[in-house]
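Using our numbering, read the sequence shown as starting at 1 and increasing by one per residue.
Accompanying notes for the structure given below.
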Amino acid sequence: FPLESLNKVAHKDPSTPWFADLANYHAGNFIIKGMTSQQKQKIFKDARHYFWDDPYLFRTCADQIIRRCVAGKEAIDILNACHSGPIGGHYGASYTAKKVFNSGFYWPSIYKDAFELVKRCDSCQRQGKVSQKDEMPQNFIQICEIFDVWGIDFMGPFPSSKGNKYILVAVDYLSKCVEAKALPTNDARVVVKFLKFLFSRFDTPKAIISDRGTHFCNDQFSKVMAKYGVTHLLSTTYHPQISGQVEVTNRGLKRILERTMGENRASWSNKVEDAVWAFRTAFKTSIGCTPYRLVYGKACHLPLELEHKAYWALKHTNFDLKTAGDHRKLQLNELNELRD
Numbered sequence: 001f002p003l004e005s006l007n008k009v010a011h012k013d014p015s016t017p018w019f020a021d022l023a024n025y026h027a028g029n030f031i032i033k034g035m036t037s038q039q040k041q042k043i044f045k046d047a048r049h050y051f052w053d054d055p056y057l058f059r060t061c062a063d064q065i066i067r068r069c070v071a072g073k074e075a076i077d078i079l080n081a082c083h084s085g086p087i088g089g090h091y092g093a094s095y096t097a098k099k100v101f102n103s104g105f106y107w108p109s110i111y112k113d114a115f116e117l118v119k120r121c122d123s124c125q126r127q128g129k130v131s132q133k134d135e136m137p138q139n140f141i142q143i144c145e146i147f148d149v150w151g152i153d154f155m156g157p158f159p160s161s162k163g164n165k166y167i168l169v170a171v172d173y174l175s176k177c178v179e180a181k182a183l184p185t186n187d188a189r190v191v192v193k194f195l196k197f198l199f200s201r202f203d204t205p206k207a208i209i210s211d212r213g214t215h216f217c218n219d220q221f222s223k224v225m226a227k228y229g230v231t232h233l234l235s236t237t238y239h240p241q242i243s244g245q246v247e248v249t250n251r252g253l254k255r256i257l258e259r260t261m262g263e264n265r266a267s268w269s270n271k272v273e274d275a276v277w278a279f280r281t282a283f284k285t286s287i288g289c290t291p292y293r294l295v296y297g298k299a300c301h302l303p304l305e306l307e308h309k310a311y312w313a314l315k316h317t318n319f320d321l322k323t324a325g326d327h328r329k330l331q332l333n334e335l336n337e338l339r340d
């Protein structure tokens with residue numbers, strides 16, 4: 001926010017950022033002439049939630065998170081990155097706006113701008129569905145701990161991409177955390193290998209839910225379940241909603257892939273990791289946060305936060321390297337003492 005533009009009259013000059021009056025108040029300790037008493041009172045009231053850290057204005061939001069105030073082209077760039085960028089996933093307006101908030105940025109019309117952006121997005125309008133309100137209701141499964149119950153399923157076959165034709169998807173029923181891998185086949189061997197990878201990362205679950213496909217119902221799969229003491233639950237032909245969570249996840253990942261691939265359909269295997277990243281960092285209403293935050297206890301810092309200088313990025317990238325180095329050496333010495 002250039003200091004030379006602070007003297008512009010925010011409520012008369014449309015080219016001035018929405019926060020110019022607040023920046024004037026905090027950075028220059030003055031209020032422009034020509035304001036009514038009501039406008040001045042509003043500035044004084046709103047100013048309590050803002051502070052100036054040269055050269056940016058920040059807002060302390062209702063959730064006590066500090067977010068940088070942005071406007072104009074920068075706000076549109078951030079919104080585009082959160083919607084259609086590598087970590088966007090082409091989600092709807094509310095999820096896109098929440099991803100902007102989670103990234104540490106703020107402007108007053110964010111929800112309106114997100115709605116207009118999604119409305120103009122060609123991929124979203126072409127690939128989006130009219131409504132899902134007529135779907136069969138799902139039966140919710142009560143889970144006590146994260147990673148206790150996983151749902152697994154195959155997506156595909158798709159056009160061959162680097163030899164891969166299928167995507168094996170696993171979703172944790174509580175945290176909505178997703179793991180997905182592009183695979184050349186959908187047989188029991190690749191399923192067992194994927195499960196061992198899953199167990200090594202997230203511990204052995206209590207149960208795994210799948211459909212009745214032959215890649216899940218076979219001796220090799222059963223032996224692995226028995227070895228690790230995992231219960232294998234099957235969805236029935238008449239009640240497929242028992243594995244509804246993984247079906248919803250499959251639709252979400254497929255939608256992300258369809259909207260990010262563009263015309264090059266053969267490149268889908270390169271986009272699987274980005275789709276998983278976008279899914280993990282998208283706000284989920286059922287859990288009240290992103291799957292990433294629920295699992296790891298912190299927000300996922302996205303590339304756009306560094307690019308557009310979120311508050312945490314400014315503070316962490318401007319630290320003194322010598323002081324940080326001395327502190328790290330002290331930590332290493334303490335670690336050696338613990339090991340000895």
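Glycine residues also receive a C-beta, built at the ideal position from the N, C-alpha and C atoms.
Nothing here was measured: the structure is a model prediction, and the numbers come from that model.
Span of the beta strand (DSSP E), counted from its first residue to its last, around residue i
{"i": "Lys181", "result": "178 to 183"}
{"i": "Leu57", "result": "56 to 60"}
{"i": "Asp153", "result": "149 to 155"}
{"i": "Leu234", "result": "231 to 234"}
{"i": "Asp53", "result": "50 to 53"}
{"i": "Ala207", "result": "207 to 210"}
Contacting residues, own chain, Cβ-Cβ under 6 Å from residue i (five flanking each side not counted)
{"i": "Ser210", "result": "Ile152, Phe216"}
{"i": "Asp148", "result": "Pro205, Lys206"}
{"i": "Ala75", "result": "Trp107"}
{"i": "Leu302", "result": "Ile87, Ser103"}
{"i": "Thr60", "result": "His49, Ile66"}
Sub-8 Å separation of residue i and residue j beta-carbons
{"i": "Cys82", "j": "Val100", "result": "yes"}
{"i": "Phe158", "j": "Trp268", "result": "yes"}
{"i": "Val171", "j": "Leu195", "result": "no"}
{"i": "Met155", "j": "Val178", "result": "no"}
{"i": "Arg255", "j": "Gln127", "result": "yes"}
Same chain, Cβ closer than 8 Å to residue i, neighbours up to 5 away in sequence not counted
{"i": "Ser222", "result": "His232"}
{"i": "Ala47", "result": "Leu22, Tyr25, His26"}
Residue range of the unbroken alpha helix (DSSP H) whose run includes residue i
{"i": "Cys82", "result": "72 to 84"}
{"i": "Cys124", "result": "122 to 127"}
{"i": "Asp46", "result": "37 to 47"}
{"i": "Leu174", "result": "From DSSP, Leu174 is part of no alpha helix (DSSP H); its letter is neither H nor E."}
{"i": "Trp277", "result": "272 to 280"}
{"i": "Arg201", "result": "188 to 202"}
CA nearest to the CA of residue i, picked from the options
{"i": "Tyr173", "options": "Glu247, Cys69, Pro55, Val276", "result": "Glu247"}
{"i": "Lys284", "options": "Tyr311, Gln245, Thr185", "result": "Gln245"}
{"i": "Lys162", "options": "Gly229, Leu294, Gln39, Asn270", "result": "Asn270"}
{"i": "Val118", "options": "Gly104, Tyr95, Asn102", "result": "Tyr95"}
{"i": "Thr260", "options": "Arg201, Gly85, Lys112", "result": "Gly85"}
{"i": "Val192", "options": "Arg201, Ala182, Lys181, Gln220", "result": "Gln220"}
{"i": "Asp122", "options": "Lys322, Glu258, Lys298", "result": "Glu258"}
{"i": "Leu306", "options": "Ser175, Lys112, Ile78", "result": "Ile78"}
Assumed close pair residue i, residue j - CB separation to whole angstroms, cut-off 8 Å
{"i": "Val276", "j": "Ile146", "result": "That pair is no contact at about 17 Å."}
Cβ-based neighbour list, residue i, same chain, cut-off 7 Å, excluding 5 preceding and 5 following
{"i": "Ala282", "result": "Gly89, Tyr91, Tyr95, Lys99, Thr290"}
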